[in-house]
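Worksheet: one structure, shown below.
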Amino acid sequence: MSSGLLEDASFNQSPAFGDVDLFAADRPLADAAARLGLDPKALSACGRDYGSAETLDLGRVANENPPRLRTMDGKGNRLDLVEFHPAYHALMEKSIGHGIHASAHDGTDPKGPLAARAVRLYLATQAESGHLCPITMTHACIGALRAEPGLLKKWLPKIQSRHYDPRPLPWQEKKGVTLGMGMTERQGGTDVRANITQAANKSDHVEITGHKWFMSAPMCDAFLVLAQAEGGLTCYLMPRYRPDGGQNNLRFQRLKDKLGNKSNASSEVEFHAAYAERVGAEGAGVRTIIEMVNLTRLDCAIASAGQMRIALSQALHHIRNRSVFQKRLADQPAMRAVAADLALELEAQVALVFRLIHAADCAASDPRDAAYARLLTPAVKFLVCKSAPQVIYESLECLGGNGYTEDLPMARYYREAPLNAIWEGSGNVMALDVLRAAGRHPEAAMDTLSRLVRTASQGFNVAPLAQALERTLKSADAERRARFLCEGLARIAALAALVDANSPFATLYGETRLGTGHFAQFGTADLGTAETSLMDRALAA
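Per our numbering, the very first residue in the sequence shown carries number 417; after that it's consecutive.
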């Protein structure tokens, strides 16, 4: 006979989530990889690695033990070091070992290099998101360094190394390096042309004096920074150590106390005549660094999709193993409606993200894919990243009060959720960038929209929405309605991606997302007999 005490209530508990193949259990992801001809065995091994209970727990530990800044030693000597918990270093070693920092550029994935890397990033972020900041920036820095081939050639062997080397040493002495970025300043924020940091020419290099209000991953071995030169705003590569081996004049002021992203160090920094080398032409700083920004924006969308996936996976795992009112939660009609609606959203967003990544892979050889990537990158980042907080919250709610506690990972996922929508351009910036892309290349933009409409219309009649978008784009209200244009474009593109994938859920997505009767909350859509298949595709039963 039960005493009714806490220890007696061990029944009807969902087991811990872990030791899951995050690739094979995710049918939308596996199908996207198959369409792109990627190696399922290699990706499944990656999915098992990041889905192991041990790796998932590293994410917990890294966030419970955030980095600490040590500006000086006990004698008052400058250190400017950030100390991380071993769990963070273990995650960095793992992700660099999988090549997420450089595999898109080193020839190891000749078929779809960006796509193969994107799958691994999507899997890695499900274990822990914060450590991926320096991983993403190292990958993306190569895009900007191509503007200075000599500099890229010098650094590339160390960048492409699969060895994680956190030692504070000059980069030439290390087995592998990571790169970071500092663009925004206290007075300017998004408006980097308002930067006041100055670069002074010194024959073969410059010395930079000024500050950055946000410089993430301050333990990277070098940073791309923007500073004002005689010819205007210019991009520079600033190493942490000078060529003579001495510490460069970077003075970290403090680490940001952020809502989430606790494992990652984001800093405020001052430069006191810090050594740097020019990247790209003088005065072309924005044009040079935008190649990096475009790659990081892709990563924001990929990572947000992965974050939504792990939250939904945790929710599905719980409701399949928890009973209430004599039924499994997964068999309760109201809960099924919510879980399946979340799964439908992820079905479309995964198809959309990997369609965009495929376009980026093909952009150099296909003008239409180049036009697609140019117009859709900000729109996809807008939609996917802004969807994350709502999807993750609804997944959290599936666990009830337990989901709101720090004992389970859902609270951490929820705190992380808004970040990618803010980094590398917030919602309004993305919407305005869609307008700029359409304005600079109007014929290519209209061709892209027309092709999307033709494809999407095979699943649902999007002509009325497309006409409204075109009218608004050509009106004096375009900037005020920029978010309408951005989301409308992304939704049509998501439907088109489902049609391209021969998804049985394309029409359902169109009806529930673009139809006139759609409400804002998940679980209000009538998904009929599709509920079970959507839930099973989201996390294999």
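Glycine included, every Cβ here is placed at the ideal spot set by N, Cα and C. The structure displayed is predicted, hence computed values, not measured ones.
Output the boundary residues of the beta strand (DSSP E) element that contains Met846.
-> Element bounds for Met846: not the beta strand (DSSP E) but the alpha helix (DSSP H), 843-856.
Three or more C-beta pairs below 8 Å linking the region 830-842 and the region 878-890 | no
Whose C-beta lies closer than 6 Å to the C-beta of Gly939 among residues of the same chain, with five residues either side of it excluded?
-> Ala753, Val754, Asp757
Candidates Ile516, Tyr829, Phe935, Leu497: which alpha carbon is nearest Lys678's?
-> Tyr829
When the distance is taken between beta carbons, is Val807 closer than 8 Å to Ala872?
-> no
Roughly how many angstroms separate the alpha carbons of Phe668 and Glu832, rounded to a whole number?
-> 24 Å
With 16 as the cutoff for other CB atoms within 10 Å, does Ser866 come out buried or exposed?
-> exposed
Enclosing alpha helix (DSSP H) for Gln806 [first to last residue] | 783-813
Rounded straight-line distance, which links the Cα of Arg852 to that of Pro858 = 9 Å
Looking at the unbroken alpha helix (DSSP H) that takes in Ile718, where does it start and where does it end?
-> 701-736
Short check: CB of Leu438 to CB of His555, under 8 Å?
-> no
Within this structure, are the beta carbons of Pro880 and Ala681 separated by less than 8 Å?
-> no
Does the count of Cβ pairs from the region 733-750 and the region 484-498 closer than 8 Å reach three?
-> no
Among the residues of its own chain, which have a CB less than 6 Å from the CB of Gly604, if the five just before and after it don't count?
-> Ala610, Asn611
Which same chain residues, not among the five before or five after Phe770, have their C-beta less than 6 Å away from its C-beta?
-> Ala448
Is the number of C-beta pairs between the region 792-799 and the region 901-910 that are closer than 8 Å three or more?
-> yes
Beta-carbon of Ala518 versus every beta-carbon of chain D: anything under 8 Å?
-> The structure shown contains no chain D; it holds only a single protein chain.
Return the CA-CA distance between Asn836 and Pro920, expressed in angstroms with no decimal places.
-> 30 Å
Cross-strand partners of Met488 (DSSP beta bridge) = Arg494
Between Ala543 and Ala759, is the Cβ-Cβ spacing less than 8 Å?
-> no
Identified DSSP bridge partners for Leu930 = The partner list for Leu930 (beta bridge, DSSP) is empty, contrary to what the question assumes.
Based on the DSSP secondary-structure assignment, which residues constitute the bridge partners of His627?
-> Glu686
Pull up the distance between the alpha-carbon of Phe433 and that of Pro659, whole angstroms please.
-> 48 Å
Span separating the alpha-carbon of Ala450 from that of Leu561 | 32 Å
Does the distance from the CB of Val608 to the CB of Met599 come in under 8 Å?
-> yes
Indicate whether Gln765 and Ala721 have their beta-carbon atoms separated by less than 8 Å.
-> yes
Just checking, does the region 451-461 make contact with the region 524-531 on the three C-beta pairs under 8 Å criterion?
-> yes
Range of the contiguous beta strand (DSSP E) that encloses Phe900 = Here Phe900 belongs to no beta strand (DSSP E); instead the alpha helix (DSSP H) covers 898-916.
Return the chain-ordered list of same chain residues with a C-beta closer than 6 Å to the C-beta of Ala795, the five sequence neighbours on each side being excluded.
-> Val850, Cys902, Leu905, Ala906
Are Thr625 and Gly699 closer than 8 Å when you measure CB to CB?
-> no
Of the residues Glu947, Cys778, Asn428, Pro431, the one placed nearest Pro749, counting alpha carbons only = Glu947
Going by other Cβ atoms of all chains shown within 10 Å of its Cβ, with 16 needed for buried, is Leu675 buried or exposed?
-> exposed
Quick one: grab the DSSP three-state call for Leu671.
-> strand
Would you kindly work out how many angstroms separate the C-alpha atoms of Arg703 and Gly559, rounded to a whole number?
-> 11 Å
Keeping to the same chain, check which residues put their C-beta closer than 6 Å to that of Ala941; ignore five residues upstream and five downstream.
-> Asp757, Thr928
Quickly, what does DSSP pair His621 with across the bridge? List them, please.
-> Lys618
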